[in-house]
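**Q** Residue numbers (this note's numbering), protein chains in the order written: chain L, 3 to 441; chain G, 3 to 441.
Even for Gly, the Cβ is constructed at its ideal location relative to N, Cα and C.
Here the structure is a predicted model, which means the values were calculated and not measured.
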């Protein structure tokens, strides 16, 4: 039996950052990380690897670079059971005794029980093997069906889109990206993708796959029979909670239940990243937050608590950005719809501006929407669509404003910079304009 | 004699935004704007117009679009004297009686008394006429001397640089851009420009110009005699204070003295923009802040006070960005040097990251330096150099953090977003890394 101070199950960003942080703060602690496969795949880059923009081998970092070079002990194995009272994890090949355990078991693509889903050329996108298999099949594929119009669905659709391919997105809900954006922003995304030649079917679900060995048609709830050479199921992910659940650890609505210190219902066992339930900063309610940046932050919080520093996580505002067709879209906090569902009376500020001075070439519209609580004018959320330049950092700025409970007045007073190639005109910063519009 | 409720002298961003804001809030007030020439030139775009990246005619907006369409009464004329007790401005052609007066007289390029400075092909860059004259002379120019290595100097040098031209920057101080950046960042700028083939002479001043009608050589303090077809004097600007001064209005160290309401020493006379002295938010001391974004904000503050809303301006942190050689550099708050000069004990956080995921093509280094007060870890300033993408909005985020008196801990807890093409890797946001480095 192996012994370690801290045992981490999972080698995604959560597990790695937890290990690194502990080794950095307390180099003498023995930290062991167990994961199933060699190499660290950068999941967000997979759509780009599919499209050949990045070489698939470049998005897999070596375990040495990412893990072992920092003094973490790496074990390629699979955790099967936690014996909570004994502080032991049983793996396929061994037993490991721990003082503290970190569950960073991640998530896996959700695959609904659609008849025919086992056929060839029906894929999910998660592992580097998925990337390689899809790339292989793409060589001869003309008709590509993407089931699910979330952030990954629209990125893959946009990246794979070319004149030789016919791409269709099938979305169950009335709009694309509607979990993260309001209808008006979803419509902008739909218009851009449609204009690029991508077919969008909303309010429609997949009822079955036809074909023999290989998929040939997709059958939909609207009785369509769509030719398909490749189907990509991009319906979201589900937390990997089986190990925790089967060992008696409490499960929440959206993954393993944790407190503000990332502790599970068992005091010396922590859960972080995609497998753990997050808490929304604004509403205080459980929320899914399967973002790498959430994983990284939760990992740091868990690590600090493990080494004895009481650090609380005050919750997520889920800042996220996606790129498609030379545009980017970003969001943070609550959407208008989510704010209303959570009982907020709101006022919405809007503005349109440009990513650089309007008189310069290659300017691109920036459209922004800010959601404020009506009475206090406290900012609750924001959405931006524009050229790629500037979206992510504006979302970060809004994230900071939300977490610091700033108001429209605070944002209207932003002391911003201006430059003809790098920002809008000096009087046209969209965050300021949208904030002023509600004062 | 003409009569008006509010008289604005000057048609730059300060004057225009003051007028627009007043008309928007109180459309019935009569607002009259006096300026010398037709058209509104976007000054920051002038380097791009010199280089032909923007057509010079596209950086001059019409008075109709910018001014008169909003109900402001425009007078093309020149203010000569203010009769303070009578509330009258004497112009070249007329007299205008006002209830409130706004001085937005701007600034003009500083030209030191160097022998020979009257020769042809020695230019400053401020008006659209300057742009046209320089462009005309550029056609045949091979040797271009830029005197002054500030933000405009380096941008113009970089934009005009091509294989046919020999460009030299002459800077009096030991480093380029040293008013706004610390030495380490200045050195990066110098290295990039040198690598691009631009000659940089620091610790050197211009002692004279040789030539007949037209400039032919520049003589320097180090006894150099440098061939020159064009000389651009880019040594900074000086506030236009003559009108205020000659009328008995108090002048500060860096322009017309104003209080926190942008009021001058005369109660119903306001001063805004490049002609007015600004107050540094952190030190509370007078500071030059000749930025269009400062002008816009001061204009809004003056406008609100003019219509009867007591709004205070809490001072500038001077966020600014410059672009050169496909890079951008940005700064906000105090530099390390300025912080020390102002008596702060400081600690500096540094980080290097990339503008996108390190495994993606066309990544570019992001280098950041954050200056914190040692004891409180309150952020005092920041400097960033990187590819163009993301610099301006990170500077804005830091600006917000400085004005909200945030600490390194607050910034280390930033809930940021990640995307392979739009941000660094999920664990590599440079603001967070630099903040963590001082915790």
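For residue 112 of chain G, does the count of other Cβ atoms within 10 angstroms reach 16, so buried, or fall short, so exposed?
**A** Exposed, because fewer than 16 other Cβ atoms sit within 10 Å of the Cβ of residue 112 of chain G.
**Q** What number of angstroms, rounded off, separates the C-alpha of residue 29 of chain G from the C-alpha of residue 69 of chain G?
**A** Distance between the alpha carbons of residue 29 of chain G and residue 69 of chain G: 14 Å.
**Q** I want to know whether the segment 168–175 of chain G touches the segment 128–147 of chain G - three or more CB-CB distances under 8 Å.
**A** These segments touch.
**Q** So, is the C-beta of residue 324 of chain L closer than 8 Å to a C-beta in chain G?
**A** Yes, residue 324 of chain L counts as interfacial toward chain G.
**Q** Are three or more beta carbon pairs between the segment 404–422 of chain L and the segment 401–412 of chain G nearer than 8 Å?
**A** Yes, since at least three Cβ pairs between the segment 404–422 of chain L and the segment 401–412 of chain G fall closer than 8 Å, the two stretches touch.
**Q** Following the continuous beta strand (DSSP E) through residue 211 of chain G, name the residue where it begins and the one where it ends.
**A** 208–213 is the extent of the beta strand (DSSP E) around residue 211 of chain G.
**Q** With distances taken Cα to Cα, identify the nearest neighbour of residue 10 of chain L among L:433, L:58, L:63, L:270.
**A** Checked all of L:433, L:58, L:63, L:270; the closest Cα to residue 10 of chain L is L:270.
**Q** Quick one: which residues of the segment 119–142 of chain G get their C-beta closer than 8 Å to a C-beta of chain L? List them in chain order.
**A** The residues in question: there are none.
**Q** Under 8 Å between the Cβ atoms of residue 2 of chain L and residue 187 of chain L?
**A** With chain L represented from 3 up to 441, any question about residue 2 of chain L goes unanswered, as that position is not in the structure.
**Q** Going along chain G in order, which residues have a C-beta closer than 7 Å to the C-beta of residue 321 of chain L?
**A** 417, 418, 419, listed in chain order.
**Q** Can you list, in chain order, the residues of its chain with a C-beta nearer than 8 Å to that of residue 267 of chain G? Leave out the 5 residues immediately preceding and following it.
**A** Cβ neighbours of residue 267 of chain G beyond the five flanking positions: 251, 252, 259.
**Q** For residue 61 of chain L, which residues in chain G fall below 7 Å Cβ to Cβ?
**A** Chain G residues near residue 61 of chain L: 361.
**Q** Specify, as a first and last residue, the run of the beta strand (DSSP E) that residue 324 of chain G falls within.
**A** First-last of the beta strand (DSSP E) with residue 324 of chain G: 322–326.
**Q** Quick one: which residues of the segment 386–404 of chain L get their C-beta closer than 9 Å to a C-beta of chain G? List them in chain order.
**A** For the segment 386–404 of chain L, which is checked against every Cβ of chain G, the residues closer than 9 Å are 390, 391, 392, 393, 394, 395, 396, 397, 398, 399, 401, 402, 403, 404.
**Q** Here's the rule I'm using: 16 or more other beta-carbon atoms within 10 Å means buried, otherwise exposed. How should residue 286 of chain L be labelled?
**A** By the 10 Å Cβ count, residue 286 of chain L comes out exposed.
**Q** Do residue 399 of chain L and residue 385 of chain G have their beta-carbon atoms positioned less than 8 Å apart in this structure?
**A** No, Cβ-Cβ distance for residue 385 of chain G and residue 399 of chain L is not below 8 Å.
**Q** Under 8 Å, do residue 13 of chain L and residue 37 of chain L count as touching if we go by C-beta distance?
**A** Yes, the Cβ-Cβ distance between residue 13 of chain L and residue 37 of chain L is below 8 Å.
**Q** First and last residue of the alpha helix (DSSP H) that includes residue 350 of chain G?
**A** Careful: residue 350 of chain G lies outside any alpha helix (DSSP H), inside the beta strand (DSSP E) at 348–356.
**Q** Which full runs of the beta strand (DSSP E) of 3+ residues lie inside the segment 251–308 of chain G, going along the chain?
**A** If we require 3 residues or more, the beta strand (DSSP E) runs fully inside the segment 251–308 of chain G come out as 271–273.
**Q** What's the gap between the Cα of residue 247 of chain G and the Cα of residue 294 of chain L?
**A** The straight-line gap from Cα to Cα measures roughly 59 Å.
**Q** Quick one: what does DSSP say residue 50 of chain L is sitting in, helix, strand or coil?
**A** Three-state result, residue 50 of chain L: helix.
**Q** Which stretch, first to last residue, makes up the beta strand (DSSP E) that contains residue 388 of chain L?
**A** Counting along the chain, the beta strand (DSSP E) containing residue 388 of chain L begins and ends at 381–389.
**Q** Please classify residue 428 of chain L as buried or exposed, where buried requires at least 16 neighbouring CB atoms within 10 angstroms.
**A** Counting Cβ neighbours within 10 Å, residue 428 of chain L comes out buried, since at least 16 surround it.
**Q** So residue 75 of chain L and residue 93 of chain L are supposed to be a Cβ contact under 8 Å. How far apart are they, rounded?
**A** Incorrect: roughly 13 Å between the Cβ atoms, too far for contact.
**Q** Measuring only between beta-carbons, confirm whether residue 183 of chain G sits less than 8 Å from chain L.
**A** False, the Cβ-Cβ gap to chain L never drops below 8 Å.
**Q** With a threshold of 8 Å between beta-carbons, can residue 432 of chain L be considered close to chain G, or not?
**A** No - not a single Cβ of chain G is within 8 Å of the one on residue 432 of chain L.
**Q** Anything in the segment 30–50 of chain G with a Cβ closer than 7 Å to a Cβ of chain L? List those residues in chain order, please.
**A** Listed in sequence order: 44, 46, 47, 50.
**Q** Near residue 441 of chain L, which residues of its chain fall below 7 Å by C-beta distance, leaving aside the five closest residues on each side in sequence?
**A** Excluding positions up to five away in sequence, the list reads 410, 411, 414.
**Q** Which first and last residues belong to the alpha helix (DSSP H) in which residue 23 of chain L is found?
**A** That run of the alpha helix (DSSP H) goes 15–27.
**Q** Which whole-angstrom value is the C-beta distance of residue 232 of chain L and residue 123 of chain L, which I expect to be below 8 Å?
**A** Right, the Cβ-Cβ distance comes to about 5 Å (below 8 Å), so this counts as a contact.
**Q** Could you list the residues in the segment 5–30 of chain L with a C-beta less than 9 Å from some C-beta on chain G, going in chain order?
**A** Listed in sequence order: 15, 18, 19, 22.
**Q** Indicate whether at least one CB of chain L lies closer than 8 Å to the CB of residue 423 of chain G.
**A** Yes - at least one Cβ of chain L is within 8 Å of the one on residue 423 of chain G.
**Q** Could you tell me which chain G residues have their CB closer than 9 Å to the CB of residue 332 of chain L, listed as they occur along the chain?
**A** Near residue 332 of chain L (Cβ distances below 9 Å), the residues of chain G are 419, 421, 424.
**Q** Determine the direct distance from the alpha carbon of residue 54 of chain L to that of residue 119 of chain L, and round the result to whole angstroms.
**A** If I take the Cα positions, the gap works out to 26 Å.
**Q** Out of L:222, L:262, L:47, which one is the CA nearest neighbour of residue 148 of chain L?
**A** Selected option, being the one with the closest Cα: L:222.
**Q** For residue 302 of chain L, is the beta carbon positioned less than 7 Å from some heavy atom of the ligand ZN?
**A** You won't find the ligand ZN in this model; it holds no ligand whatsoever.
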